[in-house]
């Protein structure tokens, strides 16, 4: 009983961390971008206000839609919540870890995506169909890069579990600034940008551009549903940051407070980095996005080759 | 009496070769008749000059059938066909003789390995009969007219006959007679079929549709 | 006296048939004679007759097998003829007489134990079958008859030469009676025997239609009526095969098994390759079935050449081949009677106009190309198995490829005929019961053999295979 | 577990015996379920066709091709006929080869025999060639996309769910019998699976016809099964029993799963066609409104076939992935490369399948109808007898997805049987544990969804929500034709792969200031069909035609053949 209780506590703790901190990342990114634009920018807490506003609002539905449209925000958020249990947050080890959990991670992401695409098609709008098509296409490429990174990490850590891959053994691998890990980080960063619809790939701040991907798919969502979706994408960003930070900053002092501080600092730094990237780069043309993802794939492929060669 | 048989053997091969090189059908039939006549003489020389009744019978039957009746049937057949000469053989004279020479060489080469069990009168019987068979075959292959093909077939039969004579004592009479009868009937049936073909040929030609029949 | 009786009765019937009478009477007489013949032969399965005529006529397992097959064929043909001559008004005097003579002569082939006598019988079958081909008396059938006659006569002449060579080889025994030769096998002269084997093979191979001596087949089968094709493809070719098996018996005794086997295999492979090449673009059903017949005799000699299981397979294939030929050529015959042709553009969409014949065509396709559950499938497999067992792996591959290509060729044509867009023929004669029952019975028998091998048959086949040394 | 029935029956090869072992148990399970559901479905589906020709019987003999109107279908059928004819003989050659090496025709004796490597390799290749045609491996798959759509839906379900599995069964049986397969066999199987899977799903993505698309997905799933078998074989030949059991077990589970979800999808497609009389996706749309039940069941099938969690597809793919990742650690370097490729291609297959099924579902069931779909106006329009089998199959998909423990015994029984290892020696716990966690996570996921739905209800209250038209960015003259179509949805992926897929596009150019009507047609063609088989067939026609023309029917020539043959024999044999 107490075991179950313990488990429940760790679950809640994890959810608490991600739930409380993830929206702040949007605030940080916005502030960095404002800084580069020479503006003051919104408050760091603005995303929280936005969410609160959305949760208080009613939804408007299109007459074309079915229950799928309504289900997709729920599924997306649920997916993120489950995923957050399998990713370590620095000092807070992942409450759920087992060999093969990366598969569950990848396929849960896919499940969320599946429902997003369906919801977009559900509206019958050609804009959203366009976005859905692009999402399906780019996710094929990014999934390939993601899995290739998983293979490399799995070979390095001789493990099947995400926590092990990006956890304990990483410090060893970093000795001498391992080029393999550099490649993995590079590739993973591009995947991160693509999966989270950040700027060179997609622009989260516009809704009316023919070249956008993710944002066009949620055009018709409103109110609570939109709030769920926003929250889910904040969590997704946080989770990807968490994974990347675990790889990049392998410092384990053993002191809880220091470790947690390092982790949170890392996540913050990532947010700043993304903000900088968004500030200094323009959104790529659509067919260049393909190229960018193929670069990610190539990086991952190269790292895999090097790893295999070393073995 | 071996020299006589040798002479006949060589004569048979020579006549086959001549037949192969001849273009006129009438000439071919005549050559065939001569060849058959000579072959008909062979039984008389088989037993060293002693001519038994059986030898004489075989000799007579052969001569009558092959040198007389078959050429007669063929001439009769020829009378129904308006054209008397071969239109054009597939192989020309030179090539025919060359091929014939090669076939004769093959026949003799094969016979080298064959050792007859000592009771044959002449060592030339096997190669000559083989050569005659092959030359007859060659005649069939190179000739375009049905009648000439029958002639070629008869030359093959002559080759076989030449060899069969060497087995004269081994084979029981009924079988031998059956064989001869068969050959005769074969030619007879061929003649009938040829006749039918001819009738059909004339009929279709009178209606203006010329059938495609080899080259003839 | 039973064997002589079996040979004589059809001959007497043939004489009766020559008298002026109605068509249907002749056919009925033929039926009666073949029924009588078949019932006598059936009794041989229980009690085999002894040697007759000083050992010239002996019925051994090989002969009994062939004789039974022949009876099946003649029975099927004569029943089919009842239906056929309901619509065909041409005088069938020569036709039935020749068929009766064929029955007599093929019986003689199967029972003769003297190689010279066998030669005489086989030669006679050629002569009697020639008028059958030209039954339609048109230009093309006469041409086909002529070619058949010429090629087979040449073949038979070569076989005669081979027989003479054999006589020389066996000069110690001074006879061509089979037991005498087999018992004195060590006394035979090998070099003469080899020469003789080559000539006999080429000669009887002509008669059997092995490639490259096959060329008369598409012509003759393409022009002959279905019934005649059945008798020739199922009966006459297999009579020649019996001759080849007799040669095999001798070769086996004298240690020339490999020598003969290699010749058989070469000819067998050729007989598979040639139809495979020519069948791809064949538009006439009868001609393509003729090529299929080349393929089947190829399989027969392949089985014989490989020995062991192959011999058993070849013997089994003799039955299946005959039955398949019944189905194939009788169907083609009934089709040709309905449409006046068996070629692709003139015949199409059979299944829409004549559903039963259409299905028979499909059955003929499956039976002829050796598909499960037809027994042809099993015998083909036995022969492939034999090639594996004798470790001729390449050969097995060649057989399979050729069978596939042949299947491709025939099935393309047959499926076109069956399923194509139907043509409107002249006033359609209805299906004929006699014809259909005959075909169906043969097909059923073939399927039956594919599913169940009766013990007496298997016993006979093993006994026969043992004679050839398998 | 193992039972043998012998019948008192002599066939020309010996006697007839039937047996039941862990391997065919798995296949039997799939067969029984699918046949039953299809039979129920058929009663409803065929009602409008009563009195017409029983096409189903034709389908069973694959003769359905031949009765077809389209020449392309007939040609494909013809190719299949030839291929399966070859296949049959290849199989028998293989059988004879093994029988010859084992000295017996009994499977048990063969299974106890240690075949020489050469024989084993040859048998393996023959089995691949023979059974590969039946299973639909690339490149001999081309009959499949023609055959399956031609039959009525429930027959398609059987063909796709069971008939092609017989090929897989055959391969499994050979793998079981021949224990001494050389190492490269596993790699071959893996490569074949990767190629079939990827090409299958890519072709599927380019299809516009519902059942044809599903047929191509069968090829993909056969590829996944082959990847599993390949992993198992690698494990077996490198003495990693755990890997072997995982691979074989995963493959066997996928056999069952595929039968279930592909059956479900075909039945769903059948209902759509039954209702709308069209399988062209670009004519359909918005069916979730008019056929909610069918839409729901189809969604379950789509989720399953994409291998998404909660459904059965995930479990089998999880096992195969697990095997591949295990292979990364326990195999020699070349095995690691192979496994990496396997993982990547499985991932890509998964992503593409997701794209494909989001396309199918989104285009067919969601949005608005693209054309005037003639329906009879009843709310569902699908008889209960058609819904029930779908419900059963969907429930089974979900059941295996949520309670995989219920089938692991069966599956790993088959897996250990194929792996020739002792079940106890295998660390099955290491995979069963994670599987259990996955299930727990799935349940938690469901609970979370429930919670979030309740939360949403809490936020929104119970008042009815406003319903408006879809916001189309200010554009008012919206017609349902303007929606994304299946072709446009898949275009980006298809164009990326256009060199492999033979993507053809005609028209579509708009010119001038005031362009008139324009027409565009795009299609994806099967490379192996267009580049290997059709040209091959045409070539054979050409050759035989040439031969046919040069075939001179002169008697002289006939005689010359005989003469030449005679002289050849004389020289060859008497030299």
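Chains as they are written, first to last, in my numbering: chain A, -8 to 302; chain B, 65 to 280; chain C, 1278 to 1747; chain D, 595 to 1169.
Don't be surprised by glycine CBs; every beta carbon is placed ideally from N, CA and C.
{"Query": "Pairs of beta-carbons, one from the segment 97 to 106 of chain B and one from the segment 125 to 132 of chain B, closer than 8 Å: are there three or more?", "Result": "yes"}
{"Query": "Determine the chain B residues that contact residue 1497 of chain C at a beta-carbon separation under 8 Å, and present them in chain order.", "Result": "In chain order: nothing, as chain B lies at least about 13 Å away."}
{"Query": "Label residue 963 of chain D either buried or exposed according to how many other C-beta atoms from any shown protein chain fall within 10 Å of its C-beta, with 16 as the threshold for buried.", "Result": "buried"}
{"Query": "For a cutoff of 8 Å on Cβ pairs, would you count residue 1479 of chain C as touching chain D?", "Result": "yes"}
{"Query": "Can you pull out the residues from the segment 107 to 124 of chain A whose beta carbon lies closer than 7 Å to at least one beta carbon of chain D?", "Result": "108, 109, 112, 113, 114, 115, 116, 117, 118, 120, 121, 123 and 124"}
{"Query": "Report the option in C:1591, C:1349, C:1614 and C:1664 whose CA atom is closest to the CA atom of residue 1656 of chain C.", "Result": "C:1591"}
{"Query": "Do you know how far the Cα of residue 6 of chain A is from the Cα of residue 75 of chain A?", "Result": "7 Å"}
{"Query": "Leaving out the 5 sequence neighbours to the left and right, which residues in its chain are closer than 8 Å to residue 1039 of chain D when beta-carbon positions are compared?", "Result": "903 and 904"}
{"Query": "With DSSP run on the structure shown, which of helix, strand or coil describes residue 852 of chain D?", "Result": "helix"}
{"Query": "For residue 1417 of chain C, which residues from the same chain have a beta carbon less than 7 Å from its beta carbon, with the 5 sequence-adjacent residues on both sides left out?", "Result": "1500"}
{"Query": "Mapping DSSP to helix, strand and coil, what is residue 52 of chain A?", "Result": "strand"}
{"Query": "With DSSP run on the structure shown, which of helix, strand or coil describes residue 269 of chain B?", "Result": "Residue placement at residue 269 of chain B cannot be trusted, given a pLDDT of 48 that sits under 50; the coordinates are not used to answer."}
{"Query": "Using a Cβ-Cβ distance under 8 Å, would residue 66 of chain A count as near chain D?", "Result": "yes"}
{"Query": "Could you tell me which residues DSSP puts in a beta bridge with residue 1391 of chain C?", "Result": "C:1454"}
{"Query": "Pull the bridge partners of residue 1539 of chain C from the DSSP assignment, please.", "Result": "Residue 1539 of chain C pairs with nothing; no bridge assigned."}
{"Query": "Just tell me which of B:140, B:170, B:191 and B:210 has its CA closest to the CA of residue 1160 of chain D.", "Result": "B:170"}
{"Query": "How about residue 1436 of chain C: is its Cβ closer than 7 Å to a heavy atom in the ligand ATP?", "Result": "In the structure on display, the ligand ATP does not appear, and there are no ligands present to speak of."}
{"Query": "Taking the alpha carbon of residue 225 of chain A as the point to measure from, which residue in A:15, A:1 and A:2 has its own alpha carbon closest?", "Result": "A:15"}
{"Query": "Give me whichever residues DSSP pairs with residue 1117 of chain D in a beta bridge.", "Result": "D:1098"}
{"Query": "Going by DSSP in three states, residue 1075 of chain D sits in which element: helix, strand or coil?", "Result": "helix"}
{"Query": "Is residue 905 of chain D helix, strand or coil by DSSP?", "Result": "coil"}
{"Query": "How many Å lie between residue 796 of chain D and residue 741 of chain D at the Cα?", "Result": "19 Å"}
{"Query": "Using CA atoms only, rank isn't needed, just tell me which of C:1473, C:1649, C:1334 and C:1409 is closest to residue 1278 of chain C.", "Result": "C:1334"}
{"Query": "Just list the alpha helix (DSSP H) runs in the segment 96 to 147 of chain B, keeping only unbroken ones of 4 residues or longer that don't cross its boundaries, in chain order.", "Result": "117 to 126 and 134 to 144"}
{"Query": "Below 8 Å on the Cβ atoms is my guess for residue 1046 of chain D versus residue 65 of chain A; work out the distance and round it to an integer in Å.", "Result": "5 Å"}
{"Query": "Assign residue 1062 of chain D to one of three DSSP states: helix, strand, or coil.", "Result": "strand"}
{"Query": "Apart from the five residues on each side of it in sequence, which residues of its chain come closer than 7 Å, Cβ to Cβ, to residue 73 of chain A?", "Result": "99"}
{"Query": "Between the alpha carbons of residue 842 of chain D and residue 780 of chain D, how many angstroms are there, rounded?", "Result": "12 Å"}
{"Query": "Does residue 1430 of chain C have its Cβ less than 8 Å from a Cβ in chain B?", "Result": "yes"}
{"Query": "Taking Cβ positions only, does residue 289 of chain A come closer than 8 Å to chain D?", "Result": "no"}
{"Query": "Could you have a look at residue 595 of chain D and say whether DSSP puts it in helix, strand or coil?", "Result": "For residue 595 of chain D, the pLDDT reaches just 44, beneath the cut-off of 50, and the residue's location in the model is therefore unreliable, although a value from the coordinates is still provided. Coil at residue 595 of chain D, not helix or strand."}
{"Query": "I need the straight-line Cα distance from residue 1517 of chain C to residue 787 of chain D, nearest angstrom please.", "Result": "52 Å"}
{"Query": "Give the range of the alpha helix (DSSP H) segment to which residue 152 of chain A is assigned.", "Result": "Run containing residue 152 of chain A: none; DSSP gives neither H nor E here."}
{"Query": "Looking only at its own chain, which residues have a Cβ that is under 7 Å from the Cβ of residue 295 of chain A, when we skip the five neighbours before and after it?", "Result": "139, 142 and 143"}
{"Query": "Just tell me which of C:1535, C:1556 and C:1632 has its CA closest to the CA of residue 1474 of chain C.", "Result": "C:1535"}
{"Query": "Could you name the residues of the same chain whose beta carbon sits closer than 7 Å to that of residue 154 of chain A, not counting the 5 residues immediately before and after it, in chain order?", "Result": "79, 84, 85 and 88"}
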